[in-house]
Every structure is written in structure tokens, then in C-alpha cells.
């Protein structure tokens, strides 16, 4: 049961208490449970508060001090830009049926970044965003511009963490050498088995499915690098009719042996592709699958089911729904800067443009105005969020909100699902604690979650 005013969850068997303010876990007995409820309802009625708690018994005072004294854990959020997506190509060789980017060019015209422009982009980043830790190469298909990727890596150096999101249709020895030299983590887009993948991920030139070449290149990466570690799948209605998400994940793990698998619902208004809402029993199966794979030390399932668990153990407090436009920005092949790729072409969110003749000439006033508007979209400003069990780890894809007023459209029916997922995850975690599997779960999770925040940011 969730106790909103204390931000505490107690499992249905009344044996495990989760302090969701501090991300602490307590095994409790009947006396502690009864005292907690007594305190909770007295606080709710306004008869017990900081000024008169000293009149209570030592045990009651201890519980109050631990769980009820006012604490504010709303994170102020990181304001420095630490991650940049660079579109080394605004072109793509595929024509995926669900593509939100007009098949790669975002309605901005096709372009592949030249080495000369790439060098200036790197210089611009080093000058204006010196705290950048992560660069993600994106597109279109970024490996169409692999020469630009090489130039940016050369200029930024090996201390930067690099990720490339690729459709896996383009691979040669030069690209493999580049991946190995700069330790570029590869996220490959594979929607599942051939009959699912080839429904949507087809070649632009002839409409044929891309699965065979994707599997060939994935296996080559597995053989010749250690950096192909993530598969990102888009879940559509045709896939849902045949496979659950965890069945897709199971196939991807057995076929490609990656450490991270992300399966996200398609972003579309097309009723032939849009997935149906999951039932509670389906959520329970997906949560079970997350835990089972961590315990077995197989892979981390990056999705809404694992986020509460990972956030709990990393003790991360996030008052913003998304890092878009705050610590995370996107630079296109033409030098335009946007909060993320989903905002490209929505002019009110344009953050500026690199002057390739003078990289010092940049309008930070415009940049900061857009960034500030995103920073203000905080959970602490919404009464619904302040009462929510998922307030500290809930994320929302702001780019998927198609209306211009993001704040008016952030609270949706999906919030019910997020709360239900959180409760099921906590119940499952409580079960593992009582059955002696907590240390194994925690150990395996810690071992494989280095840099996992970067992974979560790049599974859209």
C-alpha cells in the first residue's frame, strides 16, 4: 500500500517498508507496521507534528523522525550540457514505416556532415560546452557520415564516451577500426525476428526488408569488437499481436548476446501500428522478466519496468521529466541546435545555429531561453506528481507530446500505468528480500549498470 503523505510504500504482506524519499528499505514487524499507521493517520489528521512528537514514546518518535519529518528531495537538475547528439547524417538508406523523421531528414533537407564541418562542430562543443561527457552519433543513419564521426572523435579525444545509434546496414573494416579505436558503444536497431523486423524496417530503394544484412553485420561486430552492447527495438501492433515484449527481448538476447535490450512502444498516430495498452497481468509478467534476467546475470531490460528498480538503487532524484534541452541537446548536420531530434522543425524550440565562419558567434540568449522553458517543466509544479509514488523516477518523452503547450499535456492516462508498474516492482523487490535473493540482485545490477543513464537517454 502507498502512503502518499509520507511517500512510503509497504508491501501487501506488511513485512517490507520502502522509504521512497531516501530510497531506503526496512524489514518490519507487526508492531512497527501498526505504529507507522498510527503515526500516519495522526499526521494526516493534523494532531501529530514536529512540535509535539517529543511527547510520544521513544519508538514512535524514532519512526516519526525517520519517515515523517519534512524533507525535500526534489533534485534541482543538472543545468550544464553534458550530452550531445550529433547528426552526422540527415539521410537514411531505409524507409521505416513508423519513422518520425521523414525517413531521416526531418523535413529539413538531406545532408551528410563533411569532415570540415565535423571539425568545426567539435571545436564549437569544446569552446561552448566544455563539460560534455557523452556524444551520441545519430541520424538519419549516422554511419553514412562515418568520416565525420572519425573527425569528431579525433578532435574530442578518447576521454569522451561515444555511442552510435545505427540501423546496422552499413559496416566495413574502416568503421570497425574506428569503433575499436575510440571505444564507441554501438546501439543497433533490430525490431525482433525477421518476420517482425522486415515488416517495417525496409530499404528505401526497393522496399525489401533489411533483417538479413542487419544480422550479418551484428554478428561481424560481435566477432570483431567488444562494443556492440545494446539492441533497441520498436514495438508495434503487428509485433504485439504475435509476441510479448519479453518474448522479443528473449529472441534478441539469444540471437545477439547483448548486455542491454530496450523495447519501446512506437510513437505514432497510425492505428495499424499503435500498440494496445497492457493489462495488469502483462505488466506483472514483464516485471518478473526484468528481475529474472538480472538474477541470472543475462541482460538489463531497459524499459519502464526496470527504471524504478535502477533509479531506486542508484538513489537518483529527478524533478525534471526529461533532460531534453537541459543537459542534453542535438546538433544537426547543418549546425542547427535543437533540444532533441523529436523537436526538429518545431521552430519555437530552435535553440540556435553554429556559425561555421566564426564559432564564437553564438546567441546564448536564445539558447538559454529555450533551455529555461524546458527546465521549468518540473514534477514539483504539478499537484498530481507530488502525490505520486513514481515522482522521483518517472520520465516522460516531451518530444512525443505533439501539442505546443507541453505543460498542459504532460499529465496523461499513462500515469496510471506508471504507478501500477512501480507498485508491482516494489512488491517484487520485497519478495526477493524476504527470500534471500537481494544481495545477488543488487550485485548483478551494480555490475552491469555503469553508464546506464546514458543508455536510458538513448532508447527513444
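Residue numbers (our numbering): 1 to 460.
Virtual Cβ for every residue (Gly too), placed ideally from N, Cα, C.
Here the structure is a predicted model, which means the values were calculated and not measured.
Expected contact under 8 Å - CB spacing of residue i and residue j to nearest Å
i           : j           : result
residue 201 : residue 210 : 5 Å
residue 135 : residue 152 : 7 Å
residue 199 : residue 237 : At roughly 10 Å, the Cβ-Cβ gap does not stay under 8 Å, so residue 199 and residue 237 are not in contact.
residue 339 : residue 331 : About 11 Å; that fails the 8 Å criterion.
residue 156 : residue 122 : 5 Å
residue 434 : residue 84  : Going by Cβ atoms, the distance from residue 434 to residue 84 rounds to 44 Å, so no, they are not a contact pair.
residue 227 : residue 258 : With 8 Å as the limit, residue 227 and residue 258 do not qualify as a contact, their Cβ atoms being about 11 Å apart.
residue 441 : residue 321 : Not really, about 28 Å apart at Cβ, beyond 8 Å.
residue 68  : residue 47  : The pair is not a contact, with the Cβ atoms about 13 Å apart (cut-off 8 Å).
residue 400 : residue 342 : 7 Å
Range of the contiguous alpha helix (DSSP H) that encloses residue i
i           : result
residue 214 : 211-224
residue 128 : 115-128
residue 32  : 30-45
residue 424 : 414-434
residue 240 : 237-242
residue 180 : 173-181
residue 62  : 58-67
residue 152 : 146-156
Within 7 Å, strictly: CB atoms of residue i and residue j
i           : j           : result
residue 397 : residue 391 : no
residue 166 : residue 213 : no
residue 304 : residue 411 : no
residue 424 : residue 287 : yes
residue 252 : residue 266 : no
residue 174 : residue 140 : no
residue 311 : residue 393 : yes
residue 356 : residue 204 : no
residue 137 : residue 164 : yes
residue 352 : residue 337 : yes
residue 221 : residue 262 : no
residue 25  : residue 18  : yes
residue 148 : residue 88  : yes
residue 191 : residue 234 : yes
residue 145 : residue 176 : no
residue 4   : residue 387 : yes
residue 9   : residue 426 : yes
residue 429 : residue 294 : no
residue 143 : residue 217 : no
residue 354 : residue 124 : yes
residue 229 : residue 260 : yes
residue 2   : residue 359 : no
residue 380 : residue 319 : yes
Min CB distance residue i to chain B below 7 Å
i           : result
residue 316 : The structure shown has no chain B; it contains just one protein chain.
Bounding residues of the beta strand (DSSP E) (the contiguous stretch that carries residue i)
i           : result
residue 17  : 16-19
residue 202 : No beta strand (DSSP E) contains residue 202, which DSSP labels as neither H nor E.
residue 188 : 185-189
residue 83  : 83-87
residue 301 : 300-302
residue 24  : 24-27
residue 166 : 161-166
residue 8   : 8-10
residue 135 : 134-138
So within the stretch 304-391, which uninterrupted beta strand (DSSP E) runs reach at least 3 residues, ignoring any that extend past its ends? For the stretch 304-391, whole beta strand (DSSP E) runs of length 3 or above, ordered along the chain, are 328-331, 336-338.
The stretch 141-160 / the stretch 339-355 touching (three or more Cβ pairs under 8 Å): no
Quick one: which unbroken beta strand (DSSP E) runs of 3-plus residues sit fully inside the stretch 245-290? Chain order, please. List check, beta strand (DSSP E) in window: 260-265.
When you compare the stretch 56-65 with the stretch 35-44, are there three or more beta-carbon pairs, one atom per stretch, that lie closer than 8 Å? The stretch 56-65, when compared against the stretch 35-44, does touch it at the 8 Å Cβ threshold.
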